[in-house]
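Enquirer: Residue numbers (our numbering), protein chains in the order written: chain A, 237 to 897; chain B, 2 to 147. Virtual Cβ for every residue (Gly too), placed ideally from N, Cα, C. Only a predicted model underlies this, so the values are computations on that prediction, with no experimental measurement involved.
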Amino acid sequence: MIVELGHFALMLAFATALSQMALPLWGALQRDPALQSMARYSAFVTFALVVLSYLALTYAYVGSDFSVTNVVMNSHSSKPLIYKISGVWSNHEGSMMLWVLILALFSALVALRGTAMPERLLASVLSVQGAIAAAFLIFIILTSNPFLRLGDPPPEGQGLNPILADPGLAIHPPLLYLGYVGFSVAFAFAIGALIHGRIDAVWARFVRPWTLLAWIFLTLGIAMGSYWAYYELGWGGWWFWDPVENASLMPWLMGTALLHSTIVMEKRDALKVWTVLLSILTFSLSLLGTFLVRSGVITSVHSFASDPGRGLFILGILVFFIGGGLTLFAVRAPALRQGGLFAPVSREGALVVNNLFLAASTVAVLVGTLYPLALETVGGAKISVGAPYFNLTAIPLFVALLFMIPFGQSLAWKRGDLYGVMQRLAVAFGLCLLAIIAVFAIVQGGPVAAPLGIGLGLWLILGSATDMVIRLVPRGATLSIIISRAMGLPRSAWGSAFAHAGLGVTVIGIAATAWGVERLAITKVGERLNVGPYAVELKTSFKRTGQGYREEGAQFLIFVDGQQAGLIETSKRVHAGREMPTTEAGIVTFGFGQLYASVNELMPDGRVSMHFYWKPLVTLIWGGALIMAFGGVLSLSDRRVRIAAANKAKRSLGAAAKATA
Amino acid sequence: MTRKQKRLSLIAAAGAVLALSAGLILYALNDRIVFFYTPSDVSKQVLGPGTRVRIGGLVDVGSVDKTALPLIRFVISDGEAKLPVTYRGSLPDLFREGQGVVAEGVIVSDGLLQADTVLAKHDEKYMPKEVADALKAKGVWQGGAP
Numbered sequence: 237m238i239v240e241l242g243h244f245a246l247m248l249a250f251a252t253a254l255s256q257m258a259l260p261l262w263g264a265l266q267r268d269p270a271l272q273s274m275a276r277y278s279a280f281v282t283f284a285l286v287v288l289s290y291l292a293l294t295y296a297y298v299g300s301d302f303s304v305t306n307v308v309m310n311s312h313s314s315k316p317l318i319y320k321i322s323g324v325w326s327n328h329e330g331s332m333m334l335w336v337l338i339l340a341l342f343s344a345l346v347a348l349r350g351t352a353m354p355e356r357l358l359a360s361v362l363s364v365q366g367a368i369a370a371a372f373l374i375f376i377i378l379t380s381n382p383f384l385r386l387g388d389p390p391p392e393g394q395g396l397n398p399i400l401a402d403p404g405l406a407i408h409p410p411l412l413y414l415g416y417v418g419f420s421v422a423f424a425f426a427i428g429a430l431i432h433g434r435i436d437a438v439w440a441r442f443v444r445p446w447t448l449l450a451w452i453f454l455t456l457g458i459a460m461g462s463y464w465a466y467y468e469l470g471w472g473g474w475w476f477w478d479p480v481e482n483a484s485l486m487p488w489l490m491g492t493a494l495l496h497s498t499i500v501m502e503k504r505d506a507l508k509v510w511t512v513l514l515s516i517l518t519f520s521l522s523l524l525g526t527f528l529v530r531s532g533v534i535t536s537v538h539s540f541a542s543d544p545g546r547g548l549f550i551l552g553i554l555v556f557f558i559g560g561g562l563t564l565f566a567v568r569a570p571a572l573r574q575g576g577l578f579a580p581v582s583r584e585g586a587l588v589v590n591n592l593f594l595a596a597s598t599v600a601v602l603v604g605t606l607y608p609l610a611l612e613t614v615g616g617a618k619i620s621v622g623a624p625y626f627n628l629t630a631i632p633l634f635v636a637l638l639f640m641i642p643f644g645q646s647l648a649w650k651r652g653d654l655y656g657v658m659q660r661l662a663v664a665f666g667l668c669l670l671a672i673i674a675v676f677a678i679v680q681g682g683p684v685a686a687p688l689g690i691g692l693g694l695w696l697i698l699g700s701a702t703d704m705v706i707r708l709v710p711r712g713a714t715l716s717i718i719i720s721r722a723m724g725l726p727r728s729a730w731g732s733a734f735a736h737a738g739l740g741v742t743v744i745g746i747a748a749t750a751w752g753v754e755r756l757a758i759t760k761v762g763e764r765l766n767v768g769p770y771a772v773e774l775k776t777s778f779k780r781t782g783q784g785y786r787e788e789g790a791q792f793l794i795f796v797d798g799q800q801a802g803l804i805e806t807s808k809r810v811h812a813g814r815e816m817p818t819t820e821a822g823i824v825t826f827g828f829g830q831l832y833a834s835v836n837e838l839m840p841d842g843r844v845s846m847h848f849y850w851k852p853l854v855t856l857i858w859g860g861a862l863i864m865a866f867g868g869v870l871s872l873s874d875r876r877v878r879i880a881a882a883n884k885a886k887r888s889l890g891a892a893a894k895a896t897a
Numbered sequence: 002m003t004r005k006q007k008r009l010s011l012i013a014a015a016g017a018v019l020a021l022s023a024g025l026i027l028y029a030l031n032d033r034i035v036f037f038y039t040p041s042d043v044s045k046q047v048l049g050p051g052t053r054v055r056i057g058g059l060v061d062v063g064s065v066d067k068t069a070l071p072l073i074r075f076v077i078s079d080g081e082a083k084l085p086v087t088y089r090g091s092l093p094d095l096f097r098e099g100q101g102v103v104a105e106g107v108i109v110s111d112g113l114l115q116a117d118t119v120l121a122k123h124d125e126k127y128m129p130k131e132v133a134d135a136l137k138a139k140g141v142w143q144g145g146a147p
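(1) Can you find the residues in the same chain that come closer than 7 Å, C-beta to C-beta, to A370/A, ignoring five residues on each side of it along the sequence?
(2) So which of Q394/A, V761/A, A747/A, N766/A has the shortest CA-CA distance to E754/A?
(3) Which stretch, first to last residue, makes up the alpha helix (DSSP H) that contains V47/B?
(4) Do you know how far the Cα of G545/A is from the Cα of L241/A?
(5) By how many angstroms is the C-alpha of A429/A removed from the C-alpha of V417/A?
(6) Look up F75/B in the DSSP assignment and say whether it is helix, strand or coil.
(7) So which residues on chain B does I641/A lean against when the C-beta distance must stay under 7 Å?
(8) Given a cut-off of 9 Å, decide if T455/A and L868/A are closer than it, judged by their beta-carbon atoms.
(9) In this structure, how does DSSP classify F383/A when only helix, strand and coil are distinguished?
(10) On the three-state DSSP scale, how would you describe S873/A?
(11) Check whether chain A comes within 9 Å of G144/B, counting only Cβ atoms and requiring the distance to be less than that.
(12) With a 10 Å radius around its C-beta and 16 neighbouring C-beta atoms as the bar for buried, classify R55/B as buried or exposed.
(13) Could you name the residues of chain B that F593/A contacts, counting a contact when the two beta carbons are closer than 9 Å?
(14) Report yes or no: do the stretch 406 to 420 of chain A and the stretch 514 to 522 of chain A share at least 3 C-beta pairs separated by less than 8 Å?
(15) According to DSSP, is T68/B part of a helix, a strand, or is it coil?
(16) Distance, Cα to Cα, R97/B vs L414/A?
(17) Starting from the C-beta of N381/A, find all residues in its chain whose C-beta is less than 6 Å away, skip the five residues before and the five after it, and write them out in chain order.
(18) Just grab the DSSP bridge partners of F692/A for me.
(19) Output the residue ranges of the alpha helix (DSSP H) runs that lie fully inside the stretch 721 to 775 of chain A and measure 4 residues or longer, sorted by chain position.
(20) Return the chain-ordered list of same chain residues with a C-beta closer than 7 Å to the C-beta of V286/A, the five sequence neighbours on each side being excluded.
(21) Are three or more beta carbon pairs between the stretch 631 to 650 of chain A and the stretch 582 to 591 of chain A nearer than 8 Å?
(22) Name the residues in the stretch 27 to 47 of chain B whose C-beta lies less than 9 Å from a C-beta of chain A; which are they?
(23) Restricting to Cα atoms, I'd like to know which of Q645/A, M460/A, F626/A, T825/A is closest to P852/A.
(24) Relative to the alpha-carbon of D66/B, which residue among I77/B, G51/B, R8/B has its alpha-carbon at the smallest distance?
(25) Return yes when the Cβ of I706/A is within less than 9 Å of the Cβ of G740/A, no when it is not.
(26) What are the residues of the stretch 830 to 857 of chain A that lie near chain B, defined by any Cβ-Cβ distance shorter than 8 Å?
(27) Would you list, in chain order, the members of the stretch 575 to 589 of chain A that have their beta-carbon closer than 7 Å to a beta-carbon of chain B?
(28) When we look at the beta-carbon of A630/A and count the other beta-carbons within 10 Å, is it buried (16 or more) or exposed?
(29) I want to see whether chain B comes within less than 9 Å of I804/A, judged by CB atoms only; does it?
(30) Does the distance from the C-beta atom of S360/A to that of A279/A stay below 9 Å?
(31) Return yes when the Cβ of E837/A is within less than 9 Å of the Cβ of R809/A, no when it is not.
(32) Name the chain A residues whose beta carbon is nearer than 8 Å to that of P85/B?
(33) Under the three-state reduction of DSSP, which class applies to F848/A: helix, strand or coil?
(34) If you count every other CB in all the chains shown that lies within 10 Å of the CB of Y466/A, and 16 or more means buried, which is it?
(35) For F734/A versus M640/A, is the C-beta spacing smaller than 9 Å?
(36) Would you say E81/B reaches chain A, if we count a Cβ-Cβ gap shorter than 9 Å as a contact?
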């Protein structure tokens with residue numbers, strides 16, 4: 237009964253999403269306030285219906301209702317509650333439900349927070365959101381319906397794919413989708429602006445918090461996905477330039493560009509048309525990511541059993557929104573009032589350079605991701621584009637961009653003084669050079685890229701620090717002056733400093749991977765094996781039965797300078813039901829580095845075939861991402877960003893009264 | 002700076018970055034991609050030693066040799082031809098005899114592939130797509146329901 241209610245709510249949500257699309261748009265075009273005001277209510281109703289539908293599916297999972305096909309395929313009555321709840325999105329149908337849920341959530345939030353926006357803009361924005369929701373709802377109803385019943389319910393479900401039975405499942409997909417789908421708001425704003433033919437700094441002020449929010453979630457989602465793959469797959473790697481990873485990296489790069497261009501637009505009323513284009517492209521890449529991952533054109537850990545009909549349907553949605561958005565842009569962009577021009581050497585000039593490099597690296601990643609598919613489609617050779625391609629294309633562009641970041645941060649708006657900036661950054665630059673030399677001297681030999689990469693990361697951190705010191709410490713400053721300045725500094729300044737420094741931390745973590753040690757060895761009791769600065773010795777191997785699986789593995793003693801410093805354990809598990817083996821890597825953290833062990837085979841004579849890695853500073857890669865996201869949160873909490881809407885509200889008495897009511 | 006100069010400097014910067022990235026992409030696409038072959042493709046053409054390739058097929062039943070661990074030997078077959086492979090590393094969890102596999106590495110001598118990457122299917126339903134296509138084309142494997 238509940239399941240049928242959910243099914244019904246889903247169809248009803250499609251109907252209300254259609255009305256959310258059509259009525260406000262008509263109202264906006266006809267300037268009919270009554271129809272425009274339908275936008276907010278439709279958004280709330282659609283959201284409520286989608287929530288209802290989603291909860292009904294969750295109810296079926298939690299109650300292990302095995303008359304529902306989707307639950308049978310992906311759940312098991314003995315699963316812990318967390319995997320019953322997160323199991324909802326462990327499969328194609330459920331993850332599309334999560335996608336739509338988040339989309340409806342963003343629509344409702346825009347409707348809730350948008351009271352201060354011009355009514356026509358709000359109506360158009362919510363109308364576009366309604367169109368996207370309608371497209372994905374009908375996609376779910378027609379091709380991926382999770383509410384279908386089974387005529388002959390089995391007593392037990394097939395269980396969750398063991399790779400997915402991990403806390404990562406509860407965190408990674410929602411974060412990633414909050415990022416992907418969050419960019420739909422910027423897209424909707426861009427389409428709204430194009431429909432109106434009007435765009436100004438106020439528009440940018442409304443778009444920026446949403447872009448920032450989406451960016452924070454996408455940053456966390458990518459980092460979480462990377463860490464999950466690192467510890468779960470047992471391959472010891474954290475990024476494989478896999479098409480599915482690239483699918484999330486591309487909107488992140490474009491979204492980062494968008495984040496910076498909205499700043500220029502808000503502060504200087506420039507780069508308007510470009511910002512609108514970036515808004516369209518960022519969400520287009522999110523849609524492309526959804527298509528690549530969900531359509532089954534690419535096989536990966538993410539591709540669930542899929543049929544071509546679904547792929548074609550998503551491709552249709554993709555073509556409609558990207559094609560429609562870009563066509564509207566081509567037709568209407570010339571009508572937008574162009575923003576002002578500015579001097580090349582200035583903060584805004586630097587942000588243009590940032591945008592150019594981010595856009596160029598997105599193109600490089602896009603070409604590398606789609607070229608094999610395109611070649612195969614036209615019947616050409618089968619090729620694979622992997623790390624060597626991306627290392628040669630995207631990495632040099634990244635490095636150039638990273639090097640320039642501190643200069644951009646220190647340049648003034650309108651007319652910057654590059655020579656003055658160089659003087660101010662001289663200390664930071666000198667320290668980085670010293671650090672590079674020192675690292676070279678300490679390590680003696682080894683890959684050249686590592687010390688240079690460390691220097692680059694340090695350059696980003698010290699660049700941010702320099703900027704903050706110059707802002708906070710005037711000549712002859714006392715502690716109280718510094719503190720009062722620090723309190724008075726806008727949070728967005730802190731946010732940008734933290735975000736760039738976090739990026740530097742990640743860069744240091746990545747650079748240090750070059751010093752990683754990999755040992756493939758046959759181990760036996762009483763024999764020590766050196767892995768980087770540590771030694772390991774086989775303690776015991778075991779075969780045992782756990783809950784829902786049997787496993788065989790080995791335990792090793794870890795030695796530092798001959799002293800025992802801990803244990804590391806790794807195993808291979810075979811999960812009951814699916815008979816699917818997984819490797820459980822053993823990970824022990826020392827400082828910022830990690831010792832990583834994965835067992836290959838227990839040999840009949842008692843020896844164990846093992847794969848060990850020493851990964852110095854590896855945790856900085858994800859730690860840096862956390863710092864970046866923290867910077868984003870700081871910026872988001874900035875009064876100017878947060879209250880942008882309220883300031884606008886004060887102008888209109890009616891809106892102000894509504895706000896206090 | 003005049004308006005025209007500002008505009009020109011913007012265009013010049015955009016052009017330079019575009020040219021740089023286009024150059025990198027074209028060079029990398031020529032130089033840094035790996036072609037996918039089946040064992041019979043390899044037997045029909047001359048691939049010089051040192052050529053980097055991706056080979057797909059089925060792991061020949063009974064061919065997996067772990068006597069020299071950590072070095073692993075196995076044979077990839079597509080029904081027509083066989084290609085011996087040596088690999089030093091961890092085999093994926095789903096690597097099995099008689100199942101689909103993709104190995105990437107360098108052809109060292111006379112049809113021996115020294116693999117540095119071995120990929121197997123990810124779940125019980127998944128055969129690496131390129132392998133499935135290649136085997137279907139040869140009629141060796143019909144594939145199950147999608």
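Expert: Let me spell this out:
(1) Taking C-beta separations shorter than 7 Å and ignoring five residues to either side along the sequence, the partners of A370/A in its chain run F250, A253, L254, M257, following chain order.
(2) N766/A
(3) Counted as a single uninterrupted DSSP element, the stretch harbouring V47/B is not any alpha helix (DSSP H), since DSSP gives it neither H nor E.
(4) 27 Å
(5) 19 Å
(6) strand
(7) Those do not exist, as I641/A stays about 15 Å from chain B at its closest Cβ, beyond 7 Å.
(8) A small fix is needed here, since residue 868/A is Gly in this sequence, not Leu. Contact flag set, yes.
(9) coil
(10) coil
(11) Residue placement at G144/B cannot be trusted, given a pLDDT of 46 that sits under 50; what the coordinates show is reported in the next sentence. Chain A contact via Cβ: absent.
(12) buried
(13) V18, S22
(14) yes
(15) Three-state result, T68/B: coil.
(16) 38 Å
(17) So the list is empty, once near-sequence residues are dropped.
(18) Note on identity: in this sequence residue 692/A is Leu, with Phe being the wrong assignment. None; L692/A has no bridge partner.
(19) 727 to 748
(20) A249, V336, L337, A340
(21) yes
(22) Residues of the stretch 27 to 47 of chain B whose Cβ lies closer than 9 Å to any Cβ of chain A, in chain order: Y28, A29, L30, D32, R33, I34, V35, F36, F37, Y38.
(23) T825/A
(24) I77/B
(25) no
(26) For the stretch 830 to 857 of chain A, the beta-carbon criterion of a distance under 8 Å to any beta-carbon of chain B is satisfied by S834, N836, E837, M839, S845, H847.
(27) L577, F578, A579, P580, V588, V589
(28) buried
(29) no
(30) No, they are not a contact pair.
(31) Against a cut-off of 9 Å, the Cβ pair of E837/A and R809/A comes out as no contact.
(32) In chain order: nothing, as chain A lies at least about 20 Å away.
(33) strand
(34) buried
(35) no
(36) Closer than 9 Å to the CB of E81/B there is not a single CB belonging to chain A.
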